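Engineer: So the sequence shown is numbered by our numbering: it starts at 416 and just counts up by one. C-beta: ideal position from N, C-alpha, C; glycine also. It should be emphasised that the depicted structure is a prediction, and the values quoted were computed from it without experimental measurement. There's a structure below that I have some questions on.
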Amino acid sequence: MKSKLKYLLIIWPFVMQALNIAVTSTADTNTMGTLRYAINQINASPGMYTGIDFSSLTNPTITLTEPLPMLQAGVGNSLSTVGTSAGNIVTINGASTYRGLLVVSGNVTLSYINFSNCNATGGNGGGTSNGGGGGGGGLGGGLFVYNGAAVTASNCNFTSNQAVGGAGGTSPNISTGAGGGGLQGNGGQALEASAGNSGGGGGGYFGNGGTGLGVGLGVGGAGGGGGGGSFQNGANASSSSGAAGGSDGGGNGGSSIQSGFAGSFGGGGGGGGANDSSNFAGGSGGVFGGGGGGGLQQEQGPLVGGGDGGTGGFAGGGGGAVLGNGGNGGFAGGGGGNLSGTWGQPGTGGYGGGNGSIAGGTPGGGGGAGFGGAVFVMQGGSLVLQGTSAFTGSSVTAGIGFPHNGSVAGTDFFINSGGILTFSQTGTLTIATSIDGDALNSAGTLSAQGGPLVLSGANTFLASVSVSNTTLIVSSNSALGNSANTATLNNTATLQFGASVTLPNSLVIGNTGAQTIDTQTFTTGVNGISGAGFSKIGSGSLTLSGGSSYSAATINSGTFRAGAANVFSSSGLIQLSLGTTLDLNNHSNVIGNLSGSGTVTLGSGTLSLGGDNTSQT
């Protein structure tokens, strides 16, 4: 009898072990053991590494020699710094020249990192007296959080960081359209010939746009200079074929018979080609890339036509043109210039960027904006501050335009439309400079949920404000940003006034825990209050200037005052403690009910009780 052998196949599941990549050197090279090398390895294999390990170093300072690569941990992947502590703080020093860290993707936790002397300067527009490129935006000197990225900064400090807009392009050369500046790469120049001048390439994240070229009558313009890539420069044009863009995102330049190609992520657009009978447009910039310059048609001397400058991507300047339209700047980018309003119009600057101009006065591209000296949170990005943080010495500077400069906002923080900024620090954090933002798309979110947060700057951000289980102290009339913002108090939260200010914002009272408004000794005001009940403390006064619908107001001390008729909740209870005052301030109001032992001051107003429809004069 034959026996049968049976084999059991056991398949062990493969489990990927968490891997840390070690930083063992403070050198800023792309060799093993450096931070630059670690970021490049993480970008090459998203999800493989879960930590950047600094444990072999002691309080290291890494001084940058160029911008760090954009950190791309991958959507849904987590990455943390390892080996850092209060006794082992890592300093990233930008040498007052290079930006700190730009996080593109992943859930990234940074612990005990000091961003110092980092400089996010937008790329300059390429130069020409006829069609200078717009300057790129300078955004987030220390830290830039990209759309979809979630960053937690725990015990991180930001010291002497700056955001500077790129300059619009201009020069004494007579040439065709020059490229727009990128996030840091410069737009390419465009050299003159007697016919068919091609446009310069747009700058990229760091790579510069290439130079366009013309080679003379009857030959045709050389291909436009390639757009600058994330780090690689675009090639300069040298023949009638289009010059190559930087291989990491730059668009190729157009040949003598085609337009420039668009840049992809991190790259600028290629310059437009031209010949003695045709002209072509510059390519548009990718995200962080400037637009390519437009080509110029020229026949036996006379100028007869020109291509348009390319549009800048996010933070990119528009490409310049001569007889076409200058390219529009992307967000924070300057518009491209052009020769004459008869043949075309200069480009419009993006949000915060200066407009391009027409030759004849001071021609050239508009300057780029400087936003977020320390931090820039892009639409869809999220930043949480934990532990102990400090922001000192931040600055923002507008890019010089010819003649239209860029603008500045957000000395410490800038929240792009829909960005999320959460303060969850331990201890008190004071933001005395501005937290700004734009109102182009959706509102963002600003949350306070850690230690006390003091806002005393002239803020302009557009966001819903959430205060949860902490104290938010306001010391300026614009502490809560845009007047359309509402602030929600929930989970035993306190809004405390640190000065005599009147907020144009409305408050929403949550129903979890007891919410408090503390006027201290100051004369204060808000627009209106809705939601659940709240308590007022502090010997100062609180004035309502807009309609309200709270369920109850318990006045434990001080004065509760009407700033207009019918601003108190018509269905809400007002309870007055001994020594407090309800002041109608000569304005008639209806309330739900009144109880307690305080004083009611009517003046010429009438107080009506909604509960039993009685009134008192």
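Relative to the C-alpha of L800, which candidate in S460, V560, G640 has its C-alpha closest?
Structural biologist: For the purposes of this step, residue 800 is taken as residue 385 along the sequence shown, with counting starting at 1. Closest option to L800, Cα to Cα, is V560.
Engineer: Across the region 840-858 and the region 821-831, are there enough close Cβ pairs to call them in contact, namely three or more that are closer than 8 Å?
Structural biologist: With the cut-off at 8 Å, the region 840-858 and the region 821-831 touch.
Engineer: Skipping 5 residues on each side, what residues in its chain have a beta carbon closer than 7 Å to that of G462?
Structural biologist: As a first step, residue 462 must be located in the sequence shown, where it is residue number 47. Cβ within range, chain order: G489, N492.
Engineer: According to DSSP, simplified to helix, strand and coil, what is Y561?
Structural biologist: What you label residue 561 is simply residue 146 of the sequence shown in a count that begins at 1. Y561 falls in the coil class under three-state DSSP.
Engineer: Hey, how far is the Cα of G731 from the Cα of L988?
Structural biologist: The count along the sequence shown starts at 1 and reaches residue 731 at position 316. The count along the sequence shown starts at 1 and reaches residue 988 at position 573. For G731 and L988, the distance between alpha carbons rounds to 55 Å.
Engineer: Is DSSP giving N458 helix, strand or coil here?
Structural biologist: Indexing the sequence shown from 1 puts residue 458 at position 43. N458: helix per DSSP, three-state reduction.
Engineer: Are there 16 or more other CB atoms within 10 angstroms of the CB of N743, so buried, or fewer, so exposed?
Structural biologist: Walking along the sequence shown from the start, residue 743 turns up at place 328. That one is buried.
Engineer: Put R976 into one of helix, strand or coil per three-state DSSP.
Structural biologist: The residue given as residue 976 occupies position 561 in the sequence shown. In this structure, R976 counts as strand in the three-state DSSP scheme.
Engineer: Kindly indicate which residue of S964, A977, G542 has the alpha-carbon position closest to the one of V737.
Structural biologist: Taking the sequence shown and counting its residues from 1, the one referred to as residue 737 is at position 322. Ranking S964, A977, G542 by Cα distance to V737 puts G542 first.
Engineer: Looking at the unbroken beta strand (DSSP E) that takes in N667, where does it start and where does it end?
Structural biologist: Residue mapping note: residue 667 aligns to position 252 of the sequence shown, counting from 1. Taken as a continuous stretch (DSSP letters only), N667 belongs to no beta strand (DSSP E), as it is neither H nor E.
Engineer: Mark T843 as exposed unless 16 or more other C-beta atoms lie within 10 angstroms of its C-beta, in which case mark it buried.
Structural biologist: Looking up residue 843 in the sequence shown gives position 428. The residue is exposed, with fewer than 16 neighbouring Cβ atoms inside 10 Å.
Engineer: What are the start and end residues of the beta strand (DSSP E) that includes S881?
Structural biologist: Within the sequence shown, residue 881 is the residue found at index 466, counting from 1. Unbroken beta strand (DSSP E) run through S881: 878-883.
Engineer: Give me the Cα-Cα distance between I528 and L1009, rounded to the nearest whole angstrom.
Structural biologist: Counting from 1 along the sequence shown, the entry for residue 528 is found at position 113. Counting from 1 along the sequence shown, the entry for residue 1009 is found at position 594. Rounded to the nearest angstrom, the two C-alpha atoms are 54 Å apart.
Engineer: Please report the Cβ distance between A593 and G735, rounded to the nearest whole angstrom; I am assuming they are in contact, meaning their Cβ atoms lie under 8 Å.
Structural biologist: The residue you call residue 593 lines up with position 178 of the sequence shown. The residue you call residue 735 lines up with position 320 of the sequence shown. Going by Cβ atoms, the distance from A593 to G735 rounds to 5 Å, so yes, they are a contact pair.
Engineer: Given T958, which residues of its chain have a CB within under 6 Å of its CB, disregarding the five upstream and five downstream residues?
Structural biologist: The residue labelled residue 958 in the question sits at position 543 within the sequence shown. Same-chain partners within the cutoff: G940, R976, G978.
Engineer: Taking all protein chains shown into account, do 16 or more other C-beta atoms lie within 10 angstroms of the C-beta of M485, making it buried, or fewer, making it exposed?
Structural biologist: The residue you call residue 485 lines up with position 70 of the sequence shown. Buried: at least 16 other Cβ atoms inside 10 Å.
Engineer: Roughly how many whole angstroms lie between the Cα atoms of L904 and N534?
Structural biologist: Translated into positions along the sequence shown, residue 904 becomes position 489. Translated into positions along the sequence shown, residue 534 becomes position 119. The straight-line gap from Cα to Cα measures roughly 37 Å.
Engineer: Quick one, which of G686, G739, S654 has its alpha-carbon nearest G660's?
Structural biologist: Counting from 1 along the sequence shown, the entry for residue 660 is found at position 245. Minimum Cα distance to G660 is reached at G686.
Engineer: For A605, write down the residues that DSSP places opposite it in a beta bridge.
Structural biologist: On the sequence shown, residue 605 is found 190 positions in, with the first residue counted as 1. In the DSSP output, where bridge partners are listed per residue, A605 has G627.
Engineer: The beta strand (DSSP E) that contains D933, what's its start and end?
Structural biologist: By one-based count along the sequence shown, residue 933 stands at place 518. It spans 930-933 - the beta strand (DSSP E) in which D933 sits, taken as one unbroken run.
Engineer: Considering Cα atoms alone, identify which of G466, L887, G866, G688 is closest to G521.
Structural biologist: Stepping through the sequence shown from its first residue, residue 521 is reached at position 106. Checked all of G466, L887, G866, G688; the closest Cα to G521 is G466.
Engineer: Can you tell me the Cα-Cα spacing of S1023 and I932, whole angstroms?
Structural biologist: By 1-based counting over the sequence shown, the position of residue 1023 is 608. By 1-based counting over the sequence shown, the position of residue 932 is 517. When rounded, the distance between both Cα atoms is 25 Å.
Engineer: Quick one: measure Cβ to Cβ for G847 and A813, integer angstroms, because I've assumed they're closer than 8 Å.
Structural biologist: Numbered from its first residue, the sequence shown carries residue 847 at position 432. Numbered from its first residue, the sequence shown carries residue 813 at position 398. The displayed chain sequence assigns Ala, not Gly, to residue 847. A847 to A813, Cβ: 21 Å. No contact.
Engineer: Whole angstroms are fine: how far does the CA of D468 sit from the CA of G643?
Structural biologist: Taking the first residue of the sequence shown as position 1, residue 643 is located at position 228. Taking the first residue of the sequence shown as position 1, residue 468 is located at position 53. Going by the C-alpha atoms only, they are around 32 Å apart.
Engineer: Check Y452 in the structure and name its three-state DSSP category.
Structural biologist: By 1-based counting over the sequence shown, the position of residue 452 is 37. Helix.
Engineer: Can you tell me where the beta strand (DSSP E) with I507 in it begins and where it stops?
Structural biologist: Looking up residue 507 in the sequence shown gives position 92. First-last of the beta strand (DSSP E) with I507: 505-508.
Engineer: For I952, which option in G973, G704, G961 has the closest C-alpha, if you only look at C-alpha atoms?
Structural biologist: In the sequence shown, the residue the question calls residue 952 occupies position 537. Of the listed residues, the one whose Cα sits closest to I952 is G973.
Engineer: Is DSSP giving P428 helix, strand or coil here?
Structural biologist: Translated into the one-based positions of the sequence shown, residue 428 becomes position 13. In this prediction, P428 scores a pLDDT of 45, lower than 50, which makes its location untrustworthy; the coordinate-derived value is nonetheless stated afterwards. Looking at P428 - three-state DSSP - the assignment turns out to be coil, as it is neither helix nor strand.
Engineer: Out of curiosity, what's the CA-to-CA distance linking S526 and T512?
Structural biologist: Position 111 of the sequence shown, counting from 1, holds the residue named residue 526. Position 97 of the sequence shown, counting from 1, holds the residue named residue 512. Each residue's Cα considered, the two are about 24 Å apart.
Engineer: On a CA-only basis, which of G555, S679, L516 is nearest V811? Give me that one, please.
Structural biologist: By one-based count along the sequence shown, residue 811 stands at place 396. The residue with the shortest Cα to Cα distance from V811 is G555.
Engineer: What residue range is occupied by the uninterrupted beta strand (DSSP E) comprising L999?
Structural biologist: Working through the sequence shown from its first residue, we reach residue 999 at position 584. Note, L999: premise wrong, no beta strand (DSSP E); not H, not E.
Engineer: Specify, as a first and last residue, the run of the beta strand (DSSP E) that F838 falls within.
Structural biologist: As a first step, residue 838 must be located in the sequence shown, where it is residue number 423. Looking at the DSSP string, the run of the beta strand (DSSP E) that includes F838 is 835-840.
Engineer: Measure how close the beta-carbons of A947 and I924 come, nearest whole angstrom, since I'm counting them as under 8 Å.
Structural biologist: Within the sequence shown, the letter at position 532 stands for residue 947. Within the sequence shown, the letter at position 509 stands for residue 924. 5 Å between Cβ atoms; contact.
Engineer: Kindly indicate which residue of G767, G700, A878, S915 has the alpha-carbon position closest to the one of S921.
Structural biologist: Your numbering for residue 921 matches position 506 in the sequence shown. Selected option, being the one with the closest Cα: A878.
Engineer: Beta-carbon separation of L861 and Q840 under 9 Å?
Structural biologist: Within the sequence shown, numbered from 1, the residue matching residue 861 stands at position 446. Within the sequence shown, numbered from 1, the residue matching residue 840 stands at position 425. No, the Cβ-Cβ distance between L861 and Q840 is not below 9 Å.
Engineer: What would DSSP say about D851, mapped onto helix, strand or coil?
Structural biologist: The residue given as residue 851 occupies position 436 in the sequence shown. If DSSP states are grouped into helix, strand and coil, D851 belongs with the strands.
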